[in-house]
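Note sheet for the following structure.
There are 6 protein chains.
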Amino acid sequence: MYELGVVYRNIQRADASVAEKLAVFGSATVHEAMGRVGLMKTYMRPIYVGAQVSGTAVTVLMQPGDNWMLHVVAEQIKPGDIVVAAITTDNTDGFFGDLLASSFKARGARGLIIDGGCRDVKTLTEMGFPVWSRAISSKGTVKATLGSVNIPVVCAGALVHPGDVIVADDDGVVCVPGAVAEATLHAASKREANEGEKRAKLASGVLGLDMYSMREPLAKAGLRYID
Amino acid sequence: MYELGVVYRNIQRADASVAEKLAVFGSATVHEAMGRVGLMKTYMRPIYVGAQVSGTAVTVLMQPGDNWMLHVVAEQIKPGDIVVAAITTDNTDGFFGDLLASSFKARGARGLIIDGGCRDVKTLTEMGFPVWSRAISSKGTVKATLGSVNIPVVCAGALVHPGDVIVADDDGVVCVPGAVAEATLHAASKREANEGEKRAKLASGVLGLDMYSMREPLAKAGLRYID
Amino acid sequence: MYELGVVYRNIQRADASVAEKLAVFGSATVHEAMGRVGLMKTYMRPIYVGAQVSGTAVTVLMQPGDNWMLHVVAEQIKPGDIVVAAITTDNTDGFFGDLLASSFKARGARGLIIDGGCRDVKTLTEMGFPVWSRAISSKGTVKATLGSVNIPVVCAGALVHPGDVIVADDDGVVCVPGAVAEATLHAASKREANEGEKRAKLASGVLGLDMYSMREPLAKAGLRYID
Amino acid sequence: MYELGVVYRNIQRADASVAEKLAVFGSATVHEAMGRVGLMKTYMRPIYVGAQVSGTAVTVLMQPGDNWMLHVVAEQIKPGDIVVAAITTDNTDGFFGDLLASSFKARGARGLIIDGGCRDVKTLTEMGFPVWSRAISSKGTVKATLGSVNIPVVCAGALVHPGDVIVADDDGVVCVPGAVAEATLHAASKREANEGEKRAKLASGVLGLDMYSMREPLAKAGLRYID
Amino acid sequence: MYELGVVYRNIQRADASVAEKLAVFGSATVHEAMGRVGLMKTYMRPIYVGAQVSGTAVTVLMQPGDNWMLHVVAEQIKPGDIVVAAITTDNTDGFFGDLLASSFKARGARGLIIDGGCRDVKTLTEMGFPVWSRAISSKGTVKATLGSVNIPVVCAGALVHPGDVIVADDDGVVCVPGAVAEATLHAASKREANEGEKRAKLASGVLGLDMYSMREPLAKAGLRYID
Amino acid sequence: MYELGVVYRNIQRADASVAEKLAVFGSATVHEAMGRVGLMKTYMRPIYVGAQVSGTAVTVLMQPGDNWMLHVVAEQIKPGDIVVAAITTDNTDGFFGDLLASSFKARGARGLIIDGGCRDVKTLTEMGFPVWSRAISSKGTVKATLGSVNIPVVCAGALVHPGDVIVADDDGVVCVPGAVAEATLHAASKREANEGEKRAKLASGVLGLDMYSMREPLAKAGLRYID
């Protein structure tokens, strides 16, 4: 259950080196490597194209239209972290802008994942501080009601525990539980190796039908060709 | 109430110099300066990144799938205006394209805000004519039914009177009533000044918790830290 | 009716030269030239800005979360084709990524139109393989259930027969039936010629009200000017 | 512009007898009688089928997730009023439930129109207190931030001034400005009279094509019949 | 391709007796019997609960906000028909109300399927004239622009040819092509027969796992039970 | 992390008597009693009005368009359970109908919560088997790919562990973690007691402003009354 009004100071972060290395594989490969789970909804989009990051999650839960807890979570950020912000209800207000980005960056955050709105996107782009959000909105927020920091949250449909690894790029955002981060890194590496070879074959004109030996199972499933 | 079939030729535009100066602050700061009201819904997005404009509103109300009144409003545009187009119902048709943009630009319009669709976005981008719209659509429209020009309209959830100031950028679109445009300009200037200083502090590692003296009110609200 | 589990090998493609020439006019002009029909819904967006293609449709119908048939359709691609992928229900999973793109490109495909999700968008952009999709998603798919290839499909609200011409650009995606492709090309050419002249007039300050002789019909419809 | 933190005590309500009489015509006829304007978006739905009310608007503007002002507006309700609640941003939280309904009812309110969520719908149905809302939600709200009472608001896309007449039924919600309420009542009465006669004719098999003399204009517009 | 401005008077209706008999099986069984294709999107909802109809389609294509063609299609209705109305773009206006329903009913229509809005739902419910629509809206429409009657249309994502069979109930709307209507009726009958028996078994506590012999394929697919 | 292909047979269910007693308070009161967390998104709606249930959760995760695991979960149902079905991606297909309902009911299930579609709603209503779903759809599903049973799932934005208590009614669906179920029951009882008294006061005309002593904090927050 969500606890409101609490800040957990000590969280168990996934191995920093594993967390950092996952970025290079991107969210699609990591998602496959994990067994196709842990992905946030597709409405989560980067505010600018080309960012590709990974890091350990510090989480924050907020009320709609109220960004007070973003100031609280800032203090809990350690270098290499990515802030994951959930809201208790669907809300597109602009919880986050360039001032908070300056603060997050100074604390060592690699980015923000927020199931709400973001503003000052031009400045954030110039700063190179990547944000994945459900909306872009100029609407400011109040600072009146408590949420929590570093509790497990559901963000854009994905369950995120503090310390989990977040991988985010142009394809989306995936959460890798700390317990399987290393195994996922291995699986992703292996997968990626294979992909290079497959890509070359397919680019040379070999069909997936043959490369993956699909003709027999397709026929077995009843596929008919009609001339 | 909306009047259909009327064109108001003489509208009281907000002070041109105030209207022009608001652009530099951007929609987020202006929205805050006004007290967090007047913002259009977040589905209104610019057709290209980076445009930042402000100007006085000439308004137009149209029926779904019918852009006849855009030709009528063109004649009412004065240099420094921004056209604000509302539709009587949710509709994504492509009411506006490069031909009308040529006309609007020739009349001195600085941009278009339309609660409908826009097309020819590649050409509009090349022309540097900024549009904020709810959709991009190739679908053309008919010219069969009257709407009105320069009546108060609700565009993307915001009330816009002819002559109000519109501020639009990558963060969204805000409408500043003419009567408070100057006060808003002052408030925005003051706000912006403060922001530079705040940004520097936060970038140096000072926490918002301390800079804004939030620790006491947070504790008072019941925030608990758990190690 | 949709037939499931069939692949039509021989389809009647629209004239290749006509299919290729339509691209230059873009989806908006082609849509107008056809009489304002055949447009896909506006949620279909290009994964990167600036692509403008046309070609003959090879179609594929898939089940949600299952991209098996994309491998089947790959074999049916001929140079100059555009793959049009429909799903039996609304679904945003990432059916298509860089591996399949390598294969499609090797077969001569000019692009993909998919009423589902797409992933590896950074790589696809680098490859210059354009995709119009309803979503971007890292979520992979299974290969378990049959669909069909080269049957008529409804994709994003538009009916597409195999061999029809697809025109896609930043404004959207339009389907031109093979039987009217040549007539549409002529109509589009004629339309485009006119547009250049019109654009120049409007840019010089001539109003659409006068250029299109709208003042009389507007007055007849009851438009009143109020000073 | 919205003013935040103010309560207007004295508003000019439309004539009570006119306001009451409009209910019988229903939102569709009233909307037509006004010239097809003033309608709220179609996502506004009644919590139970069959309610049909009209009354004078008292308005309230709230922040997302915060229903404090509903208690403030309660005091401003007079018998025959309908409360119209706007939120500063899209929000589906359950701002209103049976406790507030007891209070509103005791004050003489005829219903609530809220561009947010509502809860306790079973009890509200039993009480016969009609609500039109954008959502049904168990989610409670806080009482922390000011809004305003009896300022003009945009609710579900419609501009509502305090004292305007609201007409709501199974077809939706329409706002009739106080200044035209009486004229609208007359127009609606006239329209309704005609409708009875028309309905009888159509039910007897007479075609609208003939009753409205549409055959000639259709032919003129180019309609072709093909056998 | 859609043809605009044409009315096909002579269409080949599916066998009337087959068309009528399909209703009893309901949309879910018919959809299965057809091979899980032909279903309209789930946003199409009945205006009242409990209607279950089938009949032959007469089709109409309209422009957004313009219901002129509903009067044209009325003349083409024969007893046992269901009108299927498509709009050229997403639109929720109230194209249809009690007057047109009186006319449609007098002509022998069994219902209306409309990818737009409907109004006067209380009266329609009292009349027992069922409508499946994407929205309920008081908003009236104009009569200014041509569409077509009895051309193939895409309605809520489903392709409908004039004369096809429509089956609609609380679960949704399915279109059965005329050519397979009889085969679908047989398949549905057979399916239904089986369902009674299956239902009894399942109600007695037999598991689907055993009744459908799923345990082996599940184990083969790798399902693991953990105590 | 989600594990795919596993069925946990032994789960720790919350106390049966507590689980059963929570129903009477309804989702709104329970949600408040828990501190305003644990609510599913508002798109989850009951297929018929008036059902109000609570029970212990057995969970199932499925792939889009594939209901194989509903047969697997059936075997794990014990009397007093409510099945909570999550899908790995947004999907509205009709995973559940009257046959499965017969089976679930025979096993003692009190209802189904499914983040997908449901069909046969007329029969389910007659059977009195309540379902809360994101859609109603005739579309059937395949049985081809594994999911899991009795793992923690995110359903409509809420985290549900097997054995948690689900409370569902016309206002929505809330999940009460097993560990706090008893405390929540106490809090809800206490809350409900208070509500009766409050309701009576408010119904007698006492204002919430006075009953909750809001006048002072409102004034302190700056609320101004204008005559």
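Residue numbers (our numbering), protein chains in the order written: chain X, 39 to 265; chain D, 39 to 265; chain B, 39 to 265; chain A, 39 to 265; chain Y, 39 to 265; chain U, 39 to 265.
The C-beta atom is built at its ideal place from N, Cα and C for all residues, glycine as well.
Bear in mind that the values here come from a model prediction, so they are computed numbers and not experimental data.
Go ahead and label residue 224/B buried or exposed: buried means 16 or more other beta carbons lie within 10 angstroms of its beta carbon, across all protein chains shown.
Position 186 of the third sequence, counted from the start, is the residue given in the question as residue 224/B. Classification of residue 224/B: exposed, given that the 10 Å Cβ count is below 16.
So, for residue 163/D: in the same chain, excluding its five sequence neighbours on each side, which residues have a beta-carbon less than 6 Å away from its beta-carbon?
Locating residue 163/D in the second sequence gives position 125, counting from the first residue. So the qualifying residues of the chain are 86.
If you run the structure through DSSP and keep just helix, strand and coil, what is residue 208/B?
As a first step, residue 208/B is located in the third sequence; it is residue number 170 there, counting from the start. Note: residue 208/B maps to coil in three-state DSSP.
Are any of the Cβ atoms in chain D nearer than 7 Å to that of residue 151/B?
Position 113 of the third sequence, counted from the start, is the residue given in the question as residue 151/B. No, residue 151/B does not count as interfacial toward chain D.
So, does the CB of residue 158/A fall closer than 7 Å to a CB anywhere in chain U?
Here residue 158/A corresponds to residue number 120 of the fourth sequence, with the count starting at 1. At least one chain U Cβ lies under 7 Å of residue 158/A.
How many Å lie between residue 270/B and residue 201/B at the Cα?
Because residue 270/B is not part of the residues shown, which for chain B are 39 to 265, the question remains open.
Count the other CB atoms, across all protein chains shown, that sit within 10 Å of the CB of residue 257/U; report buried if there are 16 or more and exposed otherwise.
Locating residue 257/U in the sixth sequence gives position 219, counting from the first residue. Flag for residue 257/U reads exposed.
Taking only beta-carbon atoms, is residue 183/D less than 7 Å away from chain Y?
By one-based count along the second sequence, residue 183/D stands at place 145. By this cut-off, residue 183/D is an interface position.
Checking 7 Å against the spacing of the C-beta atoms, do residue 107/D and residue 185/D come in under that value?
The residue labelled residue 107/D in the question sits at position 69 within the second sequence. The residue labelled residue 185/D in the question sits at position 147 within the second sequence. Against a cut-off of 7 Å, the Cβ pair of residue 185/D and residue 107/D comes out as a contact.
Is the Cβ of residue 39/A closer than 7 Å to any Cβ of chain X?
Position 1 of the fourth sequence, counted from the start, is the residue given in the question as residue 39/A. Unreliable placement is indicated for residue 39/A, whose pLDDT of 47 sits below 50; the coordinate value is still reported in the next sentence. No, no contact with chain X.
Can you name, in chain order, every residue of its own chain whose Cβ lies under 8 Å from the Cβ of residue 39/U, other than the five neighbours on each side?
Residue 39/U sits at position 1 when you count from the first residue of the sixth sequence. Any reading at residue 39/U must be qualified, since the residue scores a pLDDT of 48, below 50, and its modelled position is unreliable; no value is offered.
By DSSP, does residue 80/D sit in helix, in strand, or in coil?
Residue mapping note: residue 80/D aligns to position 42 of the second sequence, counting from 1. Coil at residue 80/D, not helix or strand.
Could you tell me if residue 234/Y is buried or exposed, where buried requires 16 or more neighbouring beta carbons within 10 angstroms of its beta carbon?
Start at 1 with the first residue of the fifth sequence, and residue 234/Y comes out as number 196. Exposed.
Is the beta carbon of residue 103/D less than 7 Å from the beta carbon of residue 103/Y?
Position 65 of the second sequence, counted from the start, is the residue given in the question as residue 103/D. Position 65 of the fifth sequence, counted from the start, is the residue given in the question as residue 103/Y. Against a cut-off of 7 Å, the Cβ pair of residue 103/Y and residue 103/D comes out as a contact.
Under 7 Å, do residue 204/A and residue 95/A count as touching if we go by C-beta distance?
One-based indexing of the fourth sequence puts residue 204/A at position 166. One-based indexing of the fourth sequence puts residue 95/A at position 57. In this structure, residue 95/A lies closer than 7 Å to residue 204/A by Cβ.
Helix, strand or coil at residue 43/X according to DSSP, with G and I counted as helix:
Translated into positions along the first sequence, residue 43/X becomes position 5. Three-state DSSP puts residue 43/X in coil, outside helix and strand.
Quick one: measure Cβ to Cβ for residue 168/A and residue 89/A, integer angstroms, because I've assumed they're closer than 8 Å.
Sequence index remark: in the fourth sequence, residue 168/A carries index 130 (1-based). Sequence index remark: in the fourth sequence, residue 89/A carries index 51 (1-based). Yes, they are in contact, since the Cβ atoms of residue 168/A and residue 89/A sit about 4 Å apart, within 8 Å.
Find the nearest neighbour of residue 170/Y within the set 43/Y, 122/Y and 127/Y, judged by alpha-carbon distance.
Taking the fifth sequence and counting its residues from 1, one reaches residue 170/Y at position 132. Comparing Cα positions, the closest option is 122/Y.
Could you tell me whether the Cβ atoms of residue 136/U and residue 119/U are closer together than 7 Å?
As a position in the sixth sequence, residue 136/U is number 98, starting the count at 1. As a position in the sixth sequence, residue 119/U is number 81, starting the count at 1. Contact: no.
By the criterion of Cβ-Cβ separation under 8 Å, what are the contact partners of residue 212/D in chain X?
Taking the second sequence and counting its residues from 1, one reaches residue 212/D at position 174. Here the neighbours are 176.
Please classify residue 132/A: does DSSP put it in a helix, a strand, or coil?
Along the fourth sequence, read from residue 1 onward, the residue named residue 132/A stands at position 94. It is a strand residue.
Which residue marks the beginning of the beta strand (DSSP E) containing residue 172/X, and which one marks its end?
For the purposes of this step, residue 172/X is taken as the residue at position 134 of the first sequence. 169 to 174 is the extent of the beta strand (DSSP E) around residue 172/X.
Using the Cα positions of residue 111/A and residue 226/U, report the straight-line distance between them to the nearest angstrom.
Taking the fourth sequence and counting its residues from 1, one reaches residue 111/A at position 73. Taking the sixth sequence and counting its residues from 1, one reaches residue 226/U at position 188. For residue 111/A and residue 226/U, the distance between alpha carbons rounds to 28 Å.
What residue range is occupied by the uninterrupted beta strand (DSSP E) comprising residue 252/X?
Along the first sequence, read from residue 1 onward, the residue named residue 252/X stands at position 214. Premise fails: residue 252/X is in no beta strand (DSSP E) and is neither H nor E.
Give me the residue from 253/A, 173/A and 160/A with the minimum Cα distance to residue 62/U.
Sequence index remark: in the sixth sequence, residue 62/U carries index 24 (1-based). Closest option to residue 62/U, Cα to Cα, is 160/A.
Contact between the stretch 126 to 145 of chain U and the stretch 53 to 60 of chain U: three or more CB pairs below 8 Å?
no
By the 10 Å Cβ neighbour count, where 16 or more other Cβ atoms means buried, how is residue 243/U classified, buried or exposed?
Here the question's residue 243/U lines up with position 205 in the sixth sequence. Its Cβ having fewer than 16 others within 10 Å, residue 243/U is exposed.
Is there at least one Cβ from chain A nearer than 7 Å to residue 180/X's Cβ?
If you number the first sequence from 1, residue 180/X lands on position 142. Yes - at least one Cβ of chain A is within 7 Å of the one on residue 180/X.
In chain order, what residues of the same chain lie with their CB nearer than 7 Å to the CB of residue 180/B, ignoring the 5 residues before and after it?
Counting from 1 along the third sequence, the entry for residue 180/B is found at position 142. The answer, listed in chain order, is 103 and 104.
Close-in-space but distant-in-sequence residues of the same chain around residue 148/D (CB under 6 Å, 5 per side omitted)
The residue you call residue 148/D lines up with position 110 of the second sequence. Contacts found: 91, 93 and 120.
Residue 187/B: CB within 6 Å of a non-hydrogen atom of the ligand NAP
The ligand NAP is not part of the structure shown, which contains no ligands of any sort.
Let me know the secondary structure DSSP gives residue 111/Y once reduced to three states.
As a working note, residue 111/Y is residue 73 in the fifth sequence. DSSP places residue 111/Y in helix when its eight states are reduced to three.
With 7 Å as the threshold, decide whether the Cβ of residue 192/Y is near any Cβ in chain B.
The residue given as residue 192/Y occupies position 154 in the fifth sequence. Yes, residue 192/Y lies at the interface with chain B (some Cβ there is under 7 Å from its Cβ).
Between residue 248/U and chain A, is the shortest Cβ-Cβ distance under 7 Å, so that the two count as touching?
By 1-based counting over the sixth sequence, the position of residue 248/U is 210. Answer no: the Cβ-Cβ gap between residue 248/U and chain A never drops below 7 Å.
Give the secondary structure of residue 56/X by DSSP, where H, G and I count as helix, E and B as strand, and everything else as coil.
On the first sequence, residue 56/X is found 18 positions in, with the first residue counted as 1. Residue 56/X falls in the helix class under three-state DSSP.
Which two residues bound the contiguous alpha helix (DSSP H) that contains residue 165/Y?
The residue you call residue 165/Y lines up with position 127 of the fifth sequence. Note, residue 165/Y: alpha helix (DSSP H), 159 to 165.
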